[in-house]
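*Asks:*
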Amino acid sequence: MNLSMRKIALAASVLLFTGQALAEPKRPECIAPASPGGGFDLTCKLAQSALVNEKLLTKPMRVTYMPGGVGAVAYNAVVAQRPADAGTLVAWSSGSLLNLAQGKFGRFDETNVRWLAAVGTSYGAIAVKSDSPYKTLDDLVQALKKDPSKVVIGSGGTVGSQDWMQTALIAKAAGINPRDLRYVALEGGGEIATALLGGHIQVGSTDISDSMPHIQSGDMRLLAVFADKRLDEPEMKDIPTAREQGYDIVWPVVRGFYLGPKVSDEDYAWWKAAFDKLLASEEFAKLRDQRELFPFAMTGPELDTYVKKQVADYKVLAKEFGLIQ
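For reference, each letter of the sequence shown is one residue, going -23 to -1, 1 to 302 in mature numbering (1 follows the signal peptide of the UniProt record, and there is no 0).
1. What are the boundary residues of the beta strand (DSSP E) that Glu6 is part of?
2. Taking 8 Å as the threshold, find out whether the stretch 290 to 300 comes into contact with the stretch 98 to 111 through three or more Cβ pairs.
3. Residue range of the beta strand (DSSP E) that Pro229 falls in?
4. For Asp62, which three-state DSSP category applies?
5. Following the continuous alpha helix (DSSP H) through Met142, name the residue where it begins and the one where it ends.
6. How about Asn89 and Ser138: are their beta carbons less than 8 Å apart?
7. Thinking C-alpha only, which one of Arg59, Pro37, Ala54 is nearest Arg84?
8. With a threshold of 7 Å on Cβ separation, who are the neighbours of Asp5 within its own chain once the five nearest residues in sequence on each side are excluded?
9. Between which two residues does the beta strand (DSSP E) harbouring Ser132 extend?
10. At 4 residues or longer, what runs of the alpha helix (DSSP H) sit wholly inside the stretch 184 to 252?
11. Spatial neighbours of Ala94 within its chain, please: CB distance less than 6 Å, with the 5 preceding and 5 following residues excluded, ordered by chain position.
12. Reducing DSSP to helix, strand and coil, say where Ala95 ends up.
13. Given this structure, state the Cα-to-Cα distance separating Lys286 from Gln119, to the nearest angstrom.
14. Could you tell me the boundaries of the alpha helix (DSSP H) in which Val40 lies?
15. Tell me, which residues are paired with Ala162 by DSSP?
16. Quick test of the definition: if touching needs 3 or more C-beta pairs under 8 Å, does the stretch 197 to 211 touch the stretch 66 to 75?
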């Protein structure tokens, strides 16, 4: 083969490889690892809308629900049964990382998936019904000090979950043993809201993005948001922080996506490029804002480093509460 022919063949192979690398995944799907209506659902639907709006996908991803273990069932299913499925994204949050830190995802840990993108952050919050006798965070704390068994708190997950940790930090600051609090374990923000509005629990440990539709409808109030300062949004600016009420607790809830561990480098690169473009888009910023999320953009190796550091930090916190050895 002469030099010219070799150049043509090389160019053709590069084009073929590039075409494969840039191929849109077939049958794209986003798994929300909880029941409909909570933060994982919100995260999937944000990407579902944005990827089509930016013409990065020709048709919307389907959103499917895989509740169980606040992410554990989905994590295990993807790692063990669908590790190379390039079309399957799974939503994760800071709560997922906290559970990984405690070994709640079984035999798999934070090294067993390909961390793809973080697309926004919310903040933890304490919610009550609009007619609740608790008007401030201190009202709630005083009731817990008087008799913690009389206040039923709904949280996503069991002892050690992100929602549990939020109220445990309040209890610790108030000199209450977190183990004395009365919890009902629920599967995400959608179930927490349903239980709270139905009168099955008195308090919901949740996050602000899950809660805002119910705040705006007048059915629910937030006693506190775990942000470092009041949030600069018209519908949020009147919600007090825990810090300003004397409880120095800040709990961001980062949200994003991961892929299976055996997804090819080419397919991973396609998704990373898609999210890099998305996260730089003004239209995406508007969609994120509509879903009550705040800016937090990270992809690829930078995100992988962030995730592993967060898991290490959460292990330290879990040890402080006696959740792990």
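Where is the CB? At the ideal position from N, CA and C, for every residue including glycine.
*Replies:* So, to answer that:
1. Indexing the sequence shown from 1 puts residue 6 at position 29. Segment 6 to 9, the beta strand (DSSP E) holding Glu6.
2. Contact fails between the stretch 290 to 300 and the stretch 98 to 111, because fewer than three Cβ pairs, one in each stretch, are under 8 Å apart.
3. What you label residue 229 is simply residue 252 of the sequence shown in a count that begins at 1. From DSSP, the beta strand (DSSP E) with Pro229 extends over 229 to 236.
4. As a working note, residue 62 is residue 85 in the sequence shown. In the structure shown, Asp62 sits in coil (DSSP, three-state: anything other than H, G, I, E or B).
5. Residue numbering aside, residue 142 sits at position 165 when the sequence shown is read from its first letter. Segment 139 to 150, the alpha helix (DSSP H) holding Met142.
6. Locating residue 89 in the sequence shown gives position 112, where the first residue counts as 1. Locating residue 138 in the sequence shown gives position 161, where the first residue counts as 1. No, Cβ-Cβ distance for Asn89 and Ser138 is not below 8 Å.
7. For the purposes of this step, residue 84 is identified with residue 107 of the sequence shown, where counting begins at 1. Nearest option by C-alpha distance: Ala54.
8. In the sequence shown, counting from the first residue as 1, residue 5 sits at position 28. According to the sequence provided, residue 5 is Pro. The question's Asp does not apply to it. Only Leu34, Met38, Gly64 meet the Cβ criterion.
9. Sequence index remark: in the sequence shown, residue 132 carries index 155 (1-based). Run containing Ser132: 129 to 133, per the beta strand (DSSP E) assignment.
10. Segments of the alpha helix (DSSP H) lying fully in the stretch 184 to 252: 185 to 193.
11. Here residue 94 refers to the residue found at position 117 of the sequence shown. Cβ within range, chain order: Gly233, Phe234, Phe252, Thr276.
12. Reading the sequence shown from its first residue, position 118 is the one you call residue 95. The answer is strand: DSSP assigns Ala95 an E or B state.
13. Position 309 of the sequence shown, counted from the start, is the residue given in the question as residue 286. Position 142 of the sequence shown, counted from the start, is the residue given in the question as residue 119. Approximately 36 Å, taken between the alpha carbons.
14. Translated into positions along the sequence shown, residue 40 becomes position 63. For Val40, no alpha helix (DSSP H) run applies; the uninterrupted beta strand (DSSP E) run containing it begins and ends at 39 to 42, by DSSP.
15. Within the sequence shown, the letter at position 185 stands for residue 162. Paired residue(s): Ser132.
16. Using a C-beta cut-off of 8 Å, the stretch 197 to 211 makes no contact with the stretch 66 to 75, since fewer than three inter-stretch Cβ pairs fall below that distance.
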